[in-house]
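Counted from 1, the sequence shown has number 87 at position 87 by full-length UniProt numbering; the numbering is strictly sequential.
Every residue, glycine too, gets a C-beta built ideally from N, C-alpha and C.
First up is the structure itself, then whatever we jot down about it.
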Amino acid sequence: MEKIADFLFEAGMLKRIPRSGYHFLGGGKESVAEHSFMITTIAFALSRMDREVDAGKLLAMCLLHDLPEARTGDLNYVQKKYCSADEGRAIDDQARGLPFGEEYKALVAEFNACETRESKLAKDADQLAFVLDLRTLIDTGHNGADKWLAVVMERLVTDTGRQLADAILARAWDDWWLNGYSE
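In structure tokens, the structure reads:
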């Protein structure tokens, strides 16, 4: 039981670790935990759009995919050119002694391999969270965010992910409350 309690305390560290890629945008910020929440929420929607996926596996993958960053930190694309994190070692150490350790390791490995339907949707959820953030930054006047959008859109691997991205881009970040809620 102590190992599970420690695992949960460690997961809580993600609330304190900032995502590093936003430094290059000049706007926006989030913690790794906020990112994990958002992509898990997106994955829930994707699992309802594609009923052939194992929704539980998809959600678990999204929830856990960045947990190694509690030990390694969040390296952005530039940092990864010069530094490397031993994610495998971090995962092995985190999983050791957990009754669900092997399942955790398998979920992160499947996410990283991006070969199954669930892992492809999980990767798309990861990118769609960024599409939402970029759309918000564009709509709120942050210059430069539009340059990143084409790059992020190219990373989408499923038709379902591309359809949702198109729907996101067809809306303004505040349409959800301006068109109905404020009436």
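Strand pairing of residue i, partner residues [DSSP]
i: Ser31; result: Pro18
Residue i burial status per 10 Å Cβ neighbour count (16 or more: buried)
i: Glu118; result: buried
i: Ala113; result: exposed
i: His23; result: exposed
i: Lys123; result: buried
i: Ser84; result: exposed
i: Arg19; result: buried
i: residue 191; result: Lying outside 1 to 183, the shown extent of the chain, residue 191 is not represented and no answer is given.
i: Phe7; result: buried
i: Thr160; result: buried
i: Leu128; result: buried
i: Lys29; result: exposed
i: Arg51; result: exposed
i: Val108; result: buried
i: Met1; result: exposed
i: Lys57; result: buried
i: Ala150; result: exposed
i: Ala5; result: exposed
Cα-Cα separation between residue i and residue j, rounded to whole angstroms
i: Asp175; j: Gln79; result: 36 Å
i: Glu110; j: Ala170; result: 32 Å
i: Leu59; j: His142; result: 31 Å
i: Phe130; j: Ile42; result: 11 Å
i: Thr40; j: Glu154; result: 21 Å
i: Cys62; j: Glu34; result: 12 Å
i: Glu103; j: Asp66; result: 15 Å
i: Asp139; j: Lys15; result: 26 Å
i: Arg162; j: Leu134; result: 15 Å
i: Asp92; j: Lys3; result: 14 Å
i: Ala106; j: Asn179; result: 43 Å
i: Gln94; j: Phe9; result: 12 Å
i: Ile168; j: Tyr77; result: 24 Å
i: Ala152; j: Leu137; result: A quick correction: the sequence has Val, not Ala, at residue 152. Their backbone Cα atoms lie some 14 Å apart in a straight line.
i: Trp173; j: Ala55; result: 27 Å
i: Lys147; j: Lys81; result: 21 Å
8 Å Cβ cutoff, residue i in contact with chain B
i: Leu8; result: Protein chain content of the structure displayed is limited to a single chain, and chain B is not contained in it.
Cβ separation of residue i and residue j, assumed to be a contact under 8 Å, to the nearest whole Å
i: Leu121; j: Val53; result: 6 Å
i: Ala90; j: Thr72; result: 5 Å
i: Gly144; j: Gly21; result: Not quite, the Cβ-Cβ distance comes to about 13 Å (not below 8 Å), so this is no contact.
i: Leu46; j: Leu164; result: 7 Å
i: Asp69; j: Ile17; result: In the sequence on display, residue 69 carries Glu and not Asp. Their Cβ separation, rounded to whole angstroms, is 6 Å, which keeps Glu69 and Ile17 in contact under 8 Å.
Limits of the alpha helix (DSSP H) - the one that residue i falls within
i: Cys62; result: Ala55 to Leu64
i: Tyr104; result: Gly101 to Ala113
i: Ala145; result: Ala145 to Glu154
i: Glu87; result: Glu87 to Ala95
i: Ala122; result: Arg117 to Asp139
i: Tyr77; result: Element bounds for Tyr77: n/a, residue is neither H nor E.
i: Thr160; result: Asp159 to Leu169
i: Leu178; result: Asp175 to Leu178
i: Leu98; result: Counting along the chain, Leu98 falls outside any alpha helix (DSSP H), and DSSP gives it neither H nor E.
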